[in-house]
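Working notes for the structure below.
Residue numbers (this note's numbering): 13 to 191.
Structure representation (structure tokens):
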């Protein structure tokens, strides 16, 4: 995947929300939702509590020209919703493969938002991937349903370290072959 492709991160539109690149103006809502222990503990990389400067560093990394990941804000303003309801990302792997990651703020849990956003990313396939991977912690079956709702298939168990939990956590791993 070329840096040129990553620098041209597309807007992904749906009727309910847009998936758009992060802005510095997102830092308040990012900190609000990512700082929620329930959100942080369902991710591998979000610490809890959030250290000072963590959100600013995240936004800078998400918008850096040399990044290896596309990160979108789930922006509901087109439907009179919040400017940021969660985050979707695709991290470049190799050979036309990427890893899908996401989280949504607690007010939007069990609303179908994560499934719709993940499906929009899969359909848009902005990196031109042949294969997408994803994993979820085994104590988060709602995230597993998000993946199966948009065509991912379970391929096995693994483990990942959760910064917020300070522990290695069992995961379910999924694949979506796009070709």
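Don't be surprised by glycine CBs; every beta carbon is placed ideally from N, CA and C.
Here the structure is a predicted model, which means the values were calculated and not measured.
8 Å Cβ shell around residue i - same chain, five flanking residues per side excluded
i           : result
residue 105 : 111, 145
residue 183 : 147, 148, 149, 150, 169, 170, 171, 172
residue 118 : 45, 48, 50, 51
Nearest candidate by alpha-carbon position, reference residue i, set the options
i           : options           : result
residue 70  : 118, 99, 93       : 99
residue 174 : 156, 56, 29       : 56
residue 126 : 187, 191, 31      : 31
residue 141 : 82, 92, 122       : 82
residue 160 : 176, 138, 185, 73 : 185
residue 132 : 143, 79, 162      : 162
residue 43  : 73, 176, 64, 28   : 64
Residue i versus residue j - alpha carbon distance
i           : j           : result
residue 36  : residue 68  : 8 Å
residue 178 : residue 120 : 26 Å
residue 14  : residue 109 : Confidence is the limiting factor: at residue 14 the pLDDT is only 46, short of 50, which leaves the residue's position unreliable, though a coordinate-based value still follows. Cα-Cα distance, rounded: 13 Å.
residue 130 : residue 24  : 11 Å
residue 123 : residue 20  : 30 Å
residue 134 : residue 107 : 17 Å
residue 164 : residue 188 : 4 Å
residue 93  : residue 128 : 15 Å
residue 78  : residue 28  : 31 Å
residue 139 : residue 22  : 10 Å
residue 181 : residue 26  : 33 Å
residue 167 : residue 176 : 26 Å
Spatial neighbours of residue i in its chain, beta-carbon cut-off 6 Å, leaving aside the 5 residues before and after
i           : result
residue 113 : 101
residue 96  : 38, 41, 85
residue 80  : 104
residue 143 : 109, 189
Cβ neighbours of residue i in the same chain (closer than 7 Å, five flanking residues each side left out)
i           : result
residue 276 : Since the first residue of the chain shown is 13 and the last is 191, residue 276 is not available in this structure.
residue 66  : 59
residue 115 : 51, 54, 55, 98, 99
residue 137 : 190
residue 73  : 79
Cross-strand partners of residue i (DSSP beta bridge)
i           : result
residue 182 : 171
residue 33  : 84
residue 24  : 31
residue 95  : Note: residue 95 sits in no beta bridge, so no partner.
residue 120 : Residue 120 pairs with nothing; no bridge assigned.
Worksheet entry | Cβ contact check for the stretch 29-48 and the stretch 58-65: 3 or more pairs under 8 Å | yes
Worksheet item: How about the stretch 74-91 and the stretch 151-162: do they share at least three Cβ pairs that are nearer than 8 Å?
Response: no
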